[in-house]
Structure formats: C-alpha cells, structure tokens
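In the numbering used here, the protein residues as written are 2 to 381.
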Ligand code: UD1
C-alpha cells in the first residue's frame, strides 16, 4: 500500500474537516471536494477552520466534471459528502436519494470505468441502517424489533415489548451482524451507499470500508442546522437561552462518540486492512440517555435551564441503539479515548466562541415535523 493522496468529499463539513486535519498531521496530501451547502455553511463560504495544507475544490459530488479529475488523482477516497437529516429526508426524498445514492453511484461509475489508482474507498454509513438497536427479552432471548407503531407512540408507551411474552425488552449493544431495517429515507440511502461501495469494492478488488457512525459529537458540528446532530441542537438552544426540546420521555439511549475518536477510527481504516470489505460500528461503547445529554450540556454551559420533555414521539425515531465496538477493536485496534464529560466540555468551549454563532432554527424544523404529521399527537 502506498496511499499518499487522499480525496475527502464533504471535507469542509464537520467530520470531514477534522479528518482533513488528522490526515495532514499524518503527512498525507489532502484534496477536499465540498459544495458548501447553506444548511450547514450558512455563509456559503469556506469555513474559518479550513486547513492551509489541504487543497479545496468547491463542487458537487453529483457533477462528474468536478469529481472525476479528483478521483483519478487520488490513492484513496473518503466519501463523506451527504445530506444528513433523518426527519428532513422524509419530505425531501428526491434530494436525499439524489445526493447520497446517486452521488455514490457516480463515484463508483468512475472507479469501474476509468483508469485509476485508488487503493481504498471509505464511505460514511450510519446507525440508521439498523433501525432499532439490538434487544433482549429475559425469558425469550435476543430480539430485533421494528419501529414502534404510531398508536404505541400516541399512547406514550415508549419501550419495546417482547412479541411472545410481552415483557419489556432490554437494549443491548448492537453488533454489525444485527438484522438491518431502514425506517426512513436517509437510512435507506446510507444503506444503498454502503452496499454499493462494498459490492463494487469486492467485485473489482478495491479495499472498501463502511464506517457506521453512531452519534458523533464535538466542535464544528453545525450549531444552526436544526435537522441533525442532537448535541449541537441542544447547545444551540441553550446558547439562545431556550429549553432543549426532548422527544418522548428522554429515556432513549444512544452512544455518543467524540469526533476525535471517530477520526482516529477512520485513519485506522485507511491505514490498516483489517476492516476491508466490511461495515464497522464507530461508537464509544458507552451509553447515555438523551435527557442526560441535555442536562449535562446545560450544566457545562452554566445555564439553569431544564430541558422541555415533550412526551411526544416522532414517527421515524428509534427508541434505543448503542454500539458494540468489538469488531473495530479486534480488526483495527480501535480504542475510544475521550470520556463523554470531557468531549461535551470541549463541544461547549468551542460553541461559546464559534465564529458562526448559534442561530436557533429549531422551531422551524419542529413546525415542519408537525405539518407533515411526523410528530405523533398523544391520545392520552
Ligand atoms: C442522526 C442519525 C445519525 C446520523 C446523524 C447525522 C439515526 C438514528 N441517527 O442523528 O445516524 O449520522 O443524524 O447528523 O439515524 N432528539 C430530541 N430533541 C432534539 C433532537 C433529537 O429529543 O432536538 C432525540 C430524538 O428524538 C432521538 C435522539 O434525540 O430520540 C437522538 O436522535 P438521533 O436521530 O439519533 O440523532 P441525530 O444526532 O439527529
């Protein structure tokens, strides 16, 4: 392997920009392709944190004229450019499928039909591909439930129950082998992306990896994008002296992984062959409730603002999903190093001084959910 030139699509974004910094430090020549979408980059210009040692090209991953020359010069491609909101994908179907699925299809079309020297392709996937996480019934064993029906959310029965004995199910860490259910358009496109890249990789002998990111958090996550990234959404609310809005009862469990650990894991995927041709969970292995996250962020910000617990569910939300990171540990030697409290404190320290500020557009996103009937009206 002699990877030197790395193309990072979406390299001005949140995960991408940290990866670019990490790759530059490791001595790679990095080229970024990014379209600077206004939902993430409000000013439509290159963000202040761009890395002076990388080369930046403004362009869309769906534009062959922009993408092809960069792919043909690269030894590795890390494909992060994507539309990334679960809720929004349920009413901007065409845009999500076009950017995510077709953008990846174009990349693969270039790799299959042009002479290139790409030795590794990494495509960002998501925990969205699992739908609900893995569960266990104390009496009946492992369970893999689907989405909770709207009637269950309307009755505010948040937890899953065993289809055989009706006992409440216990969430357990989700391994890559869990059955996949794509319950929203975003997750379907993430599944398309990972399956397409792994298939073409296997067929043509191009090592390919699909990191399934859990809830990545940290500096540079857009504070003014109300559609994705729950930790940044909460910080934005708090900085504007508003209550973070918590869906359901706040007891939903997630695995929050620091951006620095996520980037370390990506670098391992690039440099080691251990995960080639596989999807890989990228999480911290540590679970926390959403309510706890909202309270921790308020405390670290020094705000005595209690989260607003709505007791209302969104039709597309899963209840729990936490990462089993055994595969990444065994195959890549990945060990998360940033404890939640420390990572959240770093997010806060950055948010206080973020040059772009925190424009709280959450109410707009919330009313879109209401209008589309995606926020369930309780019956009781
Ligand atoms: C989502 C995706 C993640 C993707 C990311 C991209 C899923 C399950 N999550 O994560 O894979 O990489 O977008 O940015 O596909 N919540 C609130 N209040 C809010 C926002 C969210 O209570 O203001 C709750 C949700 O109802 C949910 C939990 O927080 O129960 C976490 O939501 P999740 O969809 O995992 O978080 P995102 O960060 O948006």
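We treat Cβ as the ideally placed atom computed from N, Cα and C, and that holds for glycine. Here the structure is a predicted model, which is why all the values come from computation and not from measurement.
Status (buried if at least 16 other CB within 10 Å, exposed otherwise) for residue i
i: residue 118; result: exposed
i: residue 29; result: buried
i: residue 225; result: buried
i: residue 45; result: exposed
i: residue 95; result: exposed
i: residue 337; result: buried
i: residue 406; result: Residue 406 lies beyond the range of the chain shown here (2 to 381); nothing can be said about it.
i: residue 217; result: buried
i: residue 313; result: buried
i: residue 114; result: exposed
i: residue 5; result: exposed
Beta-carbon proximity list for residue i, same chain, < 7 Å, skipping 5 on both sides
i: residue 141; result: 163, 165 and 166
i: residue 144; result: 136, 137, 138, 163 and 170
i: residue 66; result: none
i: residue 269; result: 333, 334 and 335
i: residue 243; result: 361
i: residue 287; result: 256 and 341
Any non-hydrogen atom of the ligand UD1 closer than 6 Å to residue i Cβ
i: residue 253; result: yes
i: residue 229; result: yes
i: residue 127; result: yes
i: residue 38; result: no
i: residue 289; result: no
i: residue 264; result: no
i: residue 184; result: no
i: residue 282; result: no
i: residue 234; result: yes
i: residue 317; result: no
i: residue 247; result: yes
i: residue 214; result: yes
i: residue 360; result: no
i: residue 85; result: yes
8 Å CB neighbourhood of residue i in its chain, flanking five on each side removed
i: residue 346; result: 301
i: residue 126; result: 191, 192, 194, 195, 211, 212, 213, 214 and 280
i: residue 97; result: 84, 89, 90, 186, 187 and 190
i: residue 18; result: 12, 48, 50, 51, 52 and 221
Neighbourhood of residue i by C-beta, 6 Å cutoff - its chain only, sequence neighbours within 5 removed
i: residue 365; result: none
i: residue 215; result: 128, 256, 258, 284 and 324
i: residue 252; result: 290
i: residue 359; result: 224, 237 and 240
i: residue 173; result: 135 and 137
i: residue 7; result: 24, 29, 31 and 77
Closer than 6 Å: residue i CB and nearest the ligand PLP heavy atom
i: residue 258; result: For the structure depicted, the ligand PLP is absent and the ligand set comprises only the ligand UD1.
Distance between beta carbons of residue j and residue i, contact taken as under 8 Å
i: residue 388; j: residue 197; result: Outside the shown range of the chain, which is 2 to 381, sits residue 388, and nothing can be said about it.
i: residue 14; j: residue 51; result: Going by Cβ atoms, the distance from residue 14 to residue 51 rounds to 11 Å, so no, they are not a contact pair.
i: residue 362; j: residue 274; result: Contact doesn't hold; Cβ gap of about 43 Å is too wide.
i: residue 298; j: residue 232; result: 7 Å
i: residue 260; j: residue 16; result: 7 Å
Inset, instruction - Taking 8 Å as the threshold, find out whether the region 320-327 comes into contact with the region 128-137 through three or more Cβ pairs. - result: In short, these stretches touch, since the Cβ pair count reaches three.
Inset, instruction - Mind the definition here: the region 31-38 touches the region 52-59 only if three or more C-beta pairs lie below 8 Å; say whether that holds. - result: Between the region 31-38 and the region 52-59, the count of C-beta pairs closer than 8 Å reaches three or more; the two stretches touch.
Legend entry - Validate contact between the region 88-102 and the region 181-194 using beta carbons, cut 8 Å, 3 pairs: Under the three-pair Cβ rule at 8 Å, the region 88-102 counts as touching the region 181-194.
Inset, instruction - Mind the definition here: the region 145-162 touches the region 305-318 only if three or more C-beta pairs lie below 8 Å; say whether that holds. - result: Judged by Cβ distances under 8 Å, the region 145-162 makes contact with the region 305-318, as three or more pairs qualify.
Inset, instruction - Spell out a yes or no on whether the region 151-158 and the region 173-187 are touching, meaning 3 or more CB-CB pairs, one atom from each, closer than 8 Å. - result: No, the region 151-158 is not in contact with the region 173-187.
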